[in-house]
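Chains as they are written, first to last, in this note's numbering: chain A, 1 to 261; chain B, 1001 to 1261. Each remark here refers to the structure printed beneath this line.
Number of protein chains: 2
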Amino acid sequence: MSKPLLLICNDDGIHAPGIRALVEAVKDLGDLVVVAPDRPQSGMGHAITIGFPLRVQAQEGLFGPEIPAYQTSGTPVDCVKLAVDRIMHRKPDLLLSGINHGSNASINVIYSGTMSAAVEGAIEGIPSVGFSLCDYALEADFGLAAQVARRVAEQVLNHGLMPGSLLNVNIPKVDIRQFKGLKVGRQAAAKWKENFEERTDPHNKKYYWMTGEFELMEHGEDTDEWALRNGYASVVPVQFDLTAHHALAGLQAWGMQDWVF
Amino acid sequence: MSKPLLLICNDDGIHAPGIRALVEAVKDLGDLVVVAPDRPQSGMGHAITIGFPLRVQAQEGLFGPEIPAYQTSGTPVDCVKLAVDRIMHRKPDLLLSGINHGSNASINVIYSGTMSAAVEGAIEGIPSVGFSLCDYALEADFGLAAQVARRVAEQVLNHGLMPGSLLNVNIPKVDIRQFKGLKVGRQAAAKWKENFEERTDPHNKKYYWMTGEFELMEHGEDTDEWALRNGYASVVPVQFDLTAHHALAGLQAWGMQDWVF
């Protein structure tokens, strides 16, 4: 039996410590190929590049002699598309994205390039997982996150995932001795309350920096935010079909189907 | 009673014909404010701008003397965030995004800047609708799409929308005499099969253009794709909570909560 084929990507760029930690953690699980952006692409969400062509550059030896690595000029989603169409010779058995520097729990999943790469993998029919450590520091300790990533990756290789779903795994910033383990749950309801900071440039023109505060809108104990705030890593199954089935019946009742134009 | 306040945005840029058609169609429904990107931002998905500051520039008179208009250097989602935090004096009663040049039905919803602006509105608690015309041509005829947009906008102002949901409205490229009306349904299962075109630049380096084919993966008659292919406009309720509830029970059964680290 041939070894599983793993595609590794991220949104912090191919030189980020988090992707290196992920590669180290899973490199004996199969044959790895790394395809990642050539620079940080946080907050890129599910962006793709339409108006410009893309570059792909082999990065020989970056993760050791056995692991082919490529940087691209595209977004995280572009990386997955390029990997699947151009770089890899067969469909990967597993896509792992991360380890992200910073939380992608709750509403963050929708802004996250890390998670969008995993979403794109799932759209392609590849079992896909995104990993994020709730610590933005470049010098963050990825030790615990790497252990979690390895065990979840093994599990997904063994079990597969429900069609139409992927996993969003977030690891708290805690000492391993305080770590309480994994908790499966749903995404907490939350939003960012923006507060753009206005500044004036040397030419007397205004510009704005996006800043904001995370607003948790509930306290359900079955959520990712509850898990992370209580010393657990959160595991949330994510879907990419966005139909709001709970709203269908109400809409039907509007009678729009009978409007005449 | 004060007039409703409407926020108008898009992803094709403030100078696109589609946003002008939308403004014309709904301008007597309330007080409008237009906030849109200063250049085309198709395929930006839910991207936000973190590493750069943003510019905002008033565009006086662009849509007539009564309608304040602003262009920003940001993504469609940035536009909504800037509008809500910095530009508008109160929360809008309705957000309309579009009219997009090209379909955002089915899986396209996830790549679409037009729809991501509407999603961001919904996250902010604003009833939000994205409109797209299945015609990429700059000189497309927005007549029918504008009529649909106006009636749906009126309806949403009257009824509101289910919490946690927004609407994705796509209008087929048909003559109004062939138009069969509106159909409420779900997002069809589909994906893009990428086919990157490799070229060589004048410096003998390779680059890649993203091209692809839309692959419809089902033929359900309750879907947006079926509606559009049969002369209807599609109305799909969309949600931004990405939890795959159908996958929760299966994941719980893996026993990850009992792993020891």
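Here a beta-carbon is modelled for each residue, glycine too, at the ideal position from N, C-alpha and C. Treat the numbers as computed from the prediction; the structure is a model and nothing was measured.
Starting from the C-beta of residue i, find all residues in its chain whose C-beta is less than 7 Å away, skip the five residues before and the five after it, and write them out in chain order.
{"i": "E198 (chain A)", "result": "K206 and Y208"}
{"i": "V1077 (chain B)", "result": "H1046, A1047, I1048, S1116, A1117 and E1120"}
{"i": "T200 (chain A)", "result": "K206"}
{"i": "A1016 (chain B)", "result": "N1010 and H1101"}
{"i": "A1036 (chain B)", "result": "C1009, N1010, G1013, I1014, I1019, Q1071 and C1079"}
{"i": "E1139 (chain B)", "result": "none"}
Would you say residue i lies against chain A (beta-carbon separation less than 8 Å)?
{"i": "L1157 (chain B)", "result": "no"}
{"i": "Y1208 (chain B)", "result": "yes"}
{"i": "Q1257 (chain B)", "result": "yes"}
{"i": "L1216 (chain B)", "result": "no"}
{"i": "W1254 (chain B)", "result": "yes"}
{"i": "E1060 (chain B)", "result": "no"}
{"i": "N1104 (chain B)", "result": "no"}
{"i": "S1002 (chain B)", "result": "no"}
{"i": "Q1178 (chain B)", "result": "no"}
{"i": "M1088 (chain B)", "result": "no"}
Would you say residue i reaches chain B, if we count a Cβ-Cβ gap shorter than 8 Å as a contact?
{"i": "S42 (chain A)", "result": "yes"}
{"i": "I8 (chain A)", "result": "no"}
{"i": "D31 (chain A)", "result": "no"}
{"i": "S165 (chain A)", "result": "yes"}
{"i": "V228 (chain A)", "result": "The amino acid occupying residue 228 (chain A) in the given sequence is Leu; Val does not appear at that position. Taking Cβ atoms only, chain B never reaches closer than 8 Å to L228 (chain A), which makes this a no."}
Regarding residue i and the ligand PLP, is the C-beta to nearest heavy atom distance less than 7 Å?
{"i": "V1056 (chain B)", "result": "Only the bare structure without any ligand can be found here, which leaves the ligand PLP out of the picture."}
Taking just the CA atoms, how far does residue j sit from residue i?
{"i": "A1146 (chain B)", "j": "A1025 (chain B)", "result": "6 Å"}
{"i": "V1129 (chain B)", "j": "R20 (chain A)", "result": "41 Å"}
{"i": "Y1232 (chain B)", "j": "V235 (chain A)", "result": "40 Å"}
{"i": "K3 (chain A)", "j": "H1089 (chain B)", "result": "59 Å"}
{"i": "R1124 (chain B)", "j": "I67 (chain A)", "result": "The sequence given here has Glu at residue 1124 (chain B), not Arg. Whole-angstrom Cα-Cα distance: 43 Å."}
{"i": "G113 (chain A)", "j": "V260 (chain A)", "result": "43 Å"}
{"i": "S1103 (chain B)", "j": "L1133 (chain B)", "result": "6 Å"}
{"i": "A190 (chain A)", "j": "V1174 (chain B)", "result": "41 Å"}
{"i": "I1176 (chain B)", "j": "L1144 (chain B)", "result": "6 Å"}
{"i": "A249 (chain A)", "j": "V1184 (chain B)", "result": "9 Å"}
{"i": "A1244 (chain B)", "j": "A122 (chain A)", "result": "12 Å"}
{"i": "G1255 (chain B)", "j": "L1242 (chain B)", "result": "23 Å"}
{"i": "P1239 (chain B)", "j": "P1163 (chain B)", "result": "Position check: residue 1239 (chain B) holds Gln in this sequence, whereas Pro was assumed. C-alpha separation (whole angstroms): 9 Å."}
{"i": "Q1257 (chain B)", "j": "S106 (chain A)", "result": "19 Å"}
{"i": "V1156 (chain B)", "j": "K1027 (chain B)", "result": "15 Å"}
{"i": "A153 (chain A)", "j": "I1110 (chain B)", "result": "26 Å"}
{"i": "A253 (chain A)", "j": "E1225 (chain B)", "result": "21 Å"}
{"i": "R1186 (chain B)", "j": "L251 (chain A)", "result": "11 Å"}
{"i": "A1058 (chain B)", "j": "L161 (chain A)", "result": "49 Å"}
{"i": "P1202 (chain B)", "j": "P53 (chain A)", "result": "14 Å"}
Excluding the five sequence neighbours on either side, which residues of its own chain have a C-beta within less than 8 Å of the C-beta of residue i, listed in chain order?
{"i": "E215 (chain A)", "result": "A190, K191, W192 and K193"}
{"i": "T1211 (chain B)", "result": "E1194, N1195, F1196 and E1197"}
{"i": "Q1041 (chain B)", "result": "D1011, D1012, G1013, T1075, P1076 and G1113"}
{"i": "N1230 (chain B)", "result": "K1180"}
Starting from the C-beta of residue i, find all residues in its chain whose C-beta is less than 6 Å away, skip the five residues before and the five after it, and write them out in chain order.
{"i": "L62 (chain A)", "result": "A69"}
{"i": "R55 (chain A)", "result": "S73"}
{"i": "D31 (chain A)", "result": "K3 and L5"}
{"i": "L182 (chain A)", "result": "A233 and V235"}
{"i": "G95 (chain A)", "result": "In the sequence under discussion, the amino acid at residue 95 (chain A) is Leu, which differs from the Gly named in the question. Excluding positions up to five away in sequence, the list reads L7, G121, I126 and S128."}
{"i": "G1043 (chain B)", "result": "Y1111"}
{"i": "Y1136 (chain B)", "result": "H1101 and G1102"}
{"i": "V148 (chain A)", "result": "I171 and A233"}
Validate contact between the stretch 1212–1223 of chain B and the stretch 159–176 of chain A using beta carbons, cut 8 Å, 3 pairs: no
Taking only runs of the alpha helix (DSSP H) that begin and end inside the stretch 199–238 of chain A, which ones reach a length of at least 4 residues, in chain order? 224–229
Quick one: complete alpha helix (DSSP H) runs, 4+ long, within the stretch 74–139 of chain A? 76–82 and 113–123
Output the residue ranges of the alpha helix (DSSP H) runs that lie fully inside the stretch 1137–1179 of chain B and measure 4 residues or longer, sorted by chain position. 1143–1159
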